[in-house]
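A.B. asks: If you read the sequence shown in the UniProt record's numbering, its first letter stands for residue 1, the second for the next number, and so on. By construction, the Cβ of each residue, glycine as well, lies at the ideal position given by its N, Cα and C atoms. Here you go, one structure.
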Amino acid sequence: MAGILLVVHITSLFFFSLLAKLAHGAALIPRADADAWTYLGCYTDQVGARTLGQVGYTLGGPGNMTVANCQNGCASQGYSLAGVEYSSECWCDNQLRNGGGPAPDGEAMCSMPCNGNPEQKCGGPGRLNLYQNTAIKPTDTMTTSAPSTETGSSTTPSLPEPTQGLPDGWQYSGCYQDNVNGGRVMFKMLPDSSTLTAESCITMCVKLGYTVAGAEFSKQCFCDNYLRNAAPKAIESECSMTCSGNTQQKCGGPNRLSVYSKGNLTVLPIPVPQTGGLPGGWKYQGCLQ
């Protein structure tokens, strides 16, 4: 009898261990984290013409992004569509906009891990893992603007750019788009910071020998000596996220950089291959895979 019980016990352990491994593996693919949410697929997105029009406010911010956190954030704002992008971004809406649709390359570019759960996918550059909750009706949404943080006020006050405390020769150069024309517009990305300010981002870039600093998505700091990929300027209201280390300063937004520079700011054009004037009879043959 004892032998039979031992066999049953070992078999049970193996069965539950197998279930745990299967559940662990399931997290490696896009999935809905609540029964009410359905995964729609990998969808296209673009800076300046968003497929989903509203930023999702999520528990723990971009550094703790998961599929469930984005879904919960969108649901709490009354939206039936939730999309995760570029590891840390959450977007919400009740309809698709600007021609966004299923990605022509399928799931290929929805391959970036979520910041808050690396076993889940959170989109990619210009790609959304998109989810829908049919239990939330579009009429549930009372506003298409971000919720105000001011009691009794329907508008969010503009935040001043720092004009004091900057290193000599540094100045605010404006709000610029990021992730355009095939890539980032600044070369060096520093680790996310929960205490980021405009001054701290500039100071870190100065120490690394750079003359341009950009703050993005509240807690991200980028450094370079130029802006790249023909970075276009954005309207100032799109650089509206407060700095993680100073709520009285702006630190960019989703794919938006609050840019500071020492002296004049240079924006480089989109790089192209040299096709003429090559030495010794060499010819450009194109981009090969």
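Could you tell me the distance, in whole angstroms, from the CA atom of glycine 214 to the CA atom of glycine 280?
C.D. replies: By one-based count along the sequence shown, residue 214 stands at place 214. By one-based count along the sequence shown, residue 280 stands at place 280. Straight-line Cα distance between these residues: approximately 42 angstroms.
A.B. asks: Residues in the same chain with beta-carbon distance under 7 angstroms from glycine 101, minus the five sequence neighbours each way, listed in chain order, please.
C.D. replies: Here residue 101 corresponds to residue number 101 of the sequence shown, with the count starting at 1. Tyr43, Thr44.
A.B. asks: Given a cut-off of 8 angstroms on the beta-carbon distance, is the pair proline 125 and tyrosine 176 in contact?
C.D. replies: To locate residue 125, count along the sequence shown from 1; it is residue 125. To locate residue 176, count along the sequence shown from 1; it is residue 176. In this structure, tyrosine 176 does not lie closer than 8 angstroms to proline 125 by Cβ.
A.B. asks: Within 10 angstroms of its Cβ, does proline 191 collect 16 or more other Cβ (buried), or is it exposed?
C.D. replies: Here residue 191 refers to the residue found at position 191 when the sequence shown is read from its first residue. Exposed is the call here.
A.B. asks: Determine the burial state of cysteine 243: buried for a count of at least 16 other Cβ atoms within 10 Å of its Cβ, exposed for fewer.
C.D. replies: By one-based count along the sequence shown, residue 243 stands at place 243. Classification for cysteine 243: buried.
A.B. asks: Which of the three DSSP states, helix, strand or coil, is assigned to serine 89?
C.D. replies: In the sequence shown, residue 89 corresponds to position 89, counting from 1. This sequence places glutamate at residue 89; serine is not what is there. Glutamate 89 falls in the strand class under three-state DSSP.
A.B. asks: Could you tell me the alpha carbon to alpha carbon distance between threonine 66 and arginine 184, rounded to whole angstroms?
C.D. replies: Residue 66 sits at position 66 when you count from the first residue of the sequence shown. Residue 184 sits at position 184 when you count from the first residue of the sequence shown. Roughly 23 angstroms between the two C-alpha positions.
A.B. asks: Kindly identify the DSSP beta-bridge partner or partners of lysine 121.
C.D. replies: As a working note, residue 121 is residue 121 in the sequence shown. Pro113, per the DSSP bridge assignment.
A.B. asks: If you run the structure through DSSP and keep just helix, strand and coil, what is glutamate 107?
C.D. replies: Mapped onto the sequence shown, residue 107 falls at position 107. In the structure shown, glutamate 107 sits in coil (DSSP, three-state: anything other than H, G, I, E or B).
A.B. asks: I need the DSSP call for proline 62, collapsed to helix, strand or coil.
C.D. replies: Sequence index remark: in the sequence shown, residue 62 carries index 62 (1-based). Reduced to three states, the DSSP call for proline 62 is helix.
A.B. asks: Can you grab the Cα-Cα spacing for the pair glycine 245 / glutamine 220, in whole Å?
C.D. replies: Within the sequence shown, numbered from 1, the residue matching residue 245 stands at position 245. Within the sequence shown, numbered from 1, the residue matching residue 220 stands at position 220. Approximately 11 angstroms, taken between the alpha carbons.
A.B. asks: May I ask you to report which of helix, strand or coil DSSP gives serine 173?
C.D. replies: By 1-based counting over the sequence shown, the position of residue 173 is 173. Serine 173 falls in the strand class under three-state DSSP.
A.B. asks: Check whether the stretch 225-237 and the stretch 50-67 touch, using three or more Cβ-Cβ pairs below 8 angstroms as the test.
C.D. replies: No, the stretch 225-237 is not in contact with the stretch 50-67.
A.B. asks: Grab me the residues of phenylalanine 217's own chain with a C-beta within less than 7 angstroms of its C-beta, minus the 5 sequence neighbours each way, in chain order.
C.D. replies: Here residue 217 corresponds to residue number 217 of the sequence shown, with the count starting at 1. Same-chain partners within the cutoff: Pro62, Ser88, Met241, Gly252, Gly253, Pro254.
A.B. asks: Threshold first: 4 residues or longer. Then list the alpha helix (DSSP H) segments lying entirely within the stretch 168-241, N to C.
C.D. replies: Listed in chain order, the complete alpha helix (DSSP H) runs (minimum 4 residues) inside the stretch 168-241 are 198-207.
A.B. asks: Should isoleucine 136 and glycine 99 be called a contact, given that it needs their Cβ atoms to be closer than 8 angstroms?
C.D. replies: Residue mapping note: residue 136 aligns to position 136 of the sequence shown, counting from 1. Residue mapping note: residue 99 aligns to position 99 of the sequence shown, counting from 1. No, Cβ-Cβ distance for isoleucine 136 and glycine 99 is not below 8 angstroms.
A.B. asks: Should glutamine 120 go down as buried or exposed, given a rule of 16 or more other Cβ atoms within 10 Å for buried?
C.D. replies: Locating residue 120 in the sequence shown gives position 120, counting from the first residue. Label assigned to glutamine 120: buried.
A.B. asks: Would you list the one or two residues that DSSP bridges to tryptophan 37?
C.D. replies: In the sequence shown, the residue the question calls residue 37 occupies position 37. For tryptophan 37, which the question treats as bridged, DSSP gives the partners Asn133.
A.B. asks: What is the DSSP secondary structure of alanine 49, counted as helix, strand or coil?
C.D. replies: On the sequence shown, position 49 is the one that residue 49 refers to. Alanine 49: coil per DSSP, three-state reduction.
A.B. asks: Taking buried to mean at least 16 other C-beta atoms within 10 Å of its own C-beta, is threonine 197 buried or exposed?
C.D. replies: Numbered from its first residue, the sequence shown carries residue 197 at position 197. Under this definition threonine 197 is a buried residue.
A.B. asks: If you draw a straight line from the alpha carbon of tyrosine 284 to that of proline 232, how long is it in whole angstroms?
C.D. replies: Here residue 284 corresponds to residue number 284 of the sequence shown, with the count starting at 1. Here residue 232 corresponds to residue number 232 of the sequence shown, with the count starting at 1. When rounded, the distance between both Cα atoms is 29 angstroms.
A.B. asks: Quick check: what's the CA-CA separation for threonine 211 versus glycine 165?
C.D. replies: For the purposes of this step, residue 211 is identified with residue 211 of the sequence shown, where counting begins at 1. For the purposes of this step, residue 165 is identified with residue 165 of the sequence shown, where counting begins at 1. Near 16 angstroms, if we compare the C-alpha coordinates of glycine 165 and threonine 211.
A.B. asks: So, at 6 angstroms on beta carbons, what are the nonlocal neighbours of arginine 50 in its own chain, with the 5 sequence-adjacent residues on each side left out?
C.D. replies: Taking the first residue of the sequence shown as position 1, residue 50 is located at position 50. Within the same chain, arginine 50 has no close Cβ partners at all.
A.B. asks: Assign glutamine 71 to one of three DSSP states: helix, strand, or coil.
C.D. replies: Locating residue 71 in the sequence shown gives position 71, counting from the first residue. In this structure, glutamine 71 counts as helix in the three-state DSSP scheme.
A.B. asks: List the whole-angstrom C-beta distance separating valine 47 from tryptophan 91, where the pair is believed to meet the contact cut-off of C-beta under 8 angstroms.
C.D. replies: Along the sequence shown, one-based indexing puts residue 47 at 47. Along the sequence shown, one-based indexing puts residue 91 at 91. Not confirmed; about 12 angstroms, so no contact.
A.B. asks: Straight-line CA distance for asparagine 133 to glycine 83?
C.D. replies: Within the sequence shown, the letter at position 133 stands for residue 133. Within the sequence shown, the letter at position 83 stands for residue 83. So the two alpha carbons sit approximately 12 angstroms from each other.
A.B. asks: When the Cα atoms are used, what is the spatial distance from threonine 275 to glycine 182?
C.D. replies: For the purposes of this step, residue 275 is identified with residue 275 of the sequence shown, where counting begins at 1. For the purposes of this step, residue 182 is identified with residue 182 of the sequence shown, where counting begins at 1. Cα to Cα, threonine 275 sits roughly 20 angstroms from glycine 182.
A.B. asks: So valine 272 is in the beta strand (DSSP E); what residue range does that whole segment cover?
C.D. replies: Reading the sequence shown from its first residue, position 272 is the one you call residue 272. Premise fails: valine 272 is in no beta strand (DSSP E) and is neither H nor E.
A.B. asks: Going by beta carbon distance, what residues of the same chain come within less than 8 angstroms of serine 194, once the five residues before and after it are set aside?
C.D. replies: By one-based count along the sequence shown, residue 194 stands at place 194. Excluding positions up to five away in sequence, the list reads Gly63, Lys219, Ser244, Gly245.
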